[in-house]
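Residue numbers (this note's numbering): 22 to 268.
Glycine included, each C-beta is placed from N, C-alpha and C at the ideal position.
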Ligand code: ARG
């Protein structure tokens, strides 16, 4: 009788242990107001280039992921406090960010791009020195404009999302927006009537997006890098890239 109980308890414990392992679902934070990288569709699903890339990586790495729309402000803190295991959100790898989190190998090259209204006289980044510039708070766009205008400039207008900054440009509330090229181009393509123009400035450095994990999470990072290498090698990455950006 006693022995049977012990056997049952042991079996139950084993089932729980293995069950818990199989059920590990990595929580992925993404600021889904950033088409075509991440956005929410009519069915309220989080979709986009980043979502497809990470889903393909996860399939190769044999891990399960769940995407959770997470505001950009504070998104990195969710790695440190354990609310998220992974952040994929068109995040540029920078030396400062590397101090507080770890990044996968780069998976996308980007650059800042200036958006201005149809009749604007602005022709280069330096022209924005004393003008009102919209940025998404805490992005690399915010950083480059700080370098031009100074950190405390009152002419830097910060928004919680990049589309909000661009809408403000449409409303005439700012003279220009500085943001990642892919998102600016996508916004203009979806707002054709607006006739916004873009200015590419040679002073902008190349940026590389990486997938972020909690600092020191070597195990997960290795899985992600392996999966990324695999989808690059077998053409999956190229297929997703073509779908979103043409060739
Ligand atoms: N690449 C820029 C950065 O890392 C902007 C990223 C914003 N991403 C987003 N999903 N809102 O600062």
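- prompt: Since residue 180 sits in a beta bridge, which residues does DSSP pair it with?
  reply: By 1-based counting over the chain shown, the position of residue 180 is 159. DSSP lists 157 as partners of residue 180.
query: Any idea what DSSP makes of residue 261, helix, strand or coil?
result: The residue you call residue 261 lines up with position 240 of the chain shown. Residue state, collapsed to three classes: helix.
field: For residue 131, the residue or residues it bridges with in DSSP
entry: By one-based count along the chain shown, residue 131 stands at place 110. Paired residue(s): 228.
- request: Can you have a look at residue 57 and say buried or exposed, based on whether 16 or more other CB atoms are within 10 angstroms of its CB?
  value: In the chain shown, residue 57 corresponds to position 36, counting from 1. By the neighbour-count rule (16 or more Cβ atoms within 10 Å), residue 57 is buried.
field: Three-state class that DSSP yields for residue 250 in the structure shown
entry: Within the chain shown, the letter at position 229 stands for residue 250. Residue 250: helix per DSSP, three-state reduction.
message: So residue 143 and residue 106 are supposed to be a Cβ contact under 8 angstroms. How far apart are they, rounded?
response: The residue labelled residue 143 in the question sits at position 122 within the chain shown. The residue labelled residue 106 in the question sits at position 85 within the chain shown. So it is not a contact: roughly 42 angstroms between Cβ atoms.
query: With a Cβ-Cβ cutoff of 7 angstroms, do residue 48 and residue 84 count as a contact?
result: Sequence index remark: in the chain shown, residue 48 carries index 27 (1-based). Sequence index remark: in the chain shown, residue 84 carries index 63 (1-based). Contact: no.
query: Where does the unbroken alpha helix (DSSP H) through residue 202 begin, and where does it stop?
result: Counting from one through the chain shown, the residue named residue 202 turns up at place 181. That run of the alpha helix (DSSP H) goes 202-211.
- request: Check whether the Cβ of residue 198 sits closer than 6 angstroms to any heavy atom of ligand 1, and report yes or no.
  value: Indexing the chain shown from 1 puts residue 198 at position 177. Incorrect: residue 198 has no Cβ contact closer than 6 angstroms to ligand 1.
field: Status (buried if at least 16 other CB within 10 Å, exposed otherwise) for residue 63
entry: The residue you call residue 63 lines up with position 42 of the chain shown. Under this definition residue 63 is an exposed residue.
query: From this set, 82, 53, 73 and 198, which residue's C-alpha is nearest residue 245's C-alpha?
result: Your numbering for residue 245 matches position 224 in the chain shown. Measuring from the Cα of residue 245, the nearest candidate turns out to be 82.
query: Which word fits residue 46, buried or exposed, when buried means at least 16 other C-beta atoms lie within 10 angstroms of its C-beta?
result: Walking along the chain shown from the start, residue 46 turns up at place 25. Residue 46 should be labelled exposed.
message: Less than 7 angstroms between the beta carbons of residue 232 and residue 125, yes or no?
response: One-based indexing of the chain shown puts residue 232 at position 211. One-based indexing of the chain shown puts residue 125 at position 104. Cβ distance < 7 angstroms, so residue 232 and residue 125 count as in contact.
- prompt: Which value, in whole angstroms, describes the spacing of the CA atoms of residue 138 and residue 264?
  reply: Position 117 of the chain shown holds residue 138. Position 243 of the chain shown holds residue 264. Straight-line Cα distance between these residues: approximately 29 angstroms.
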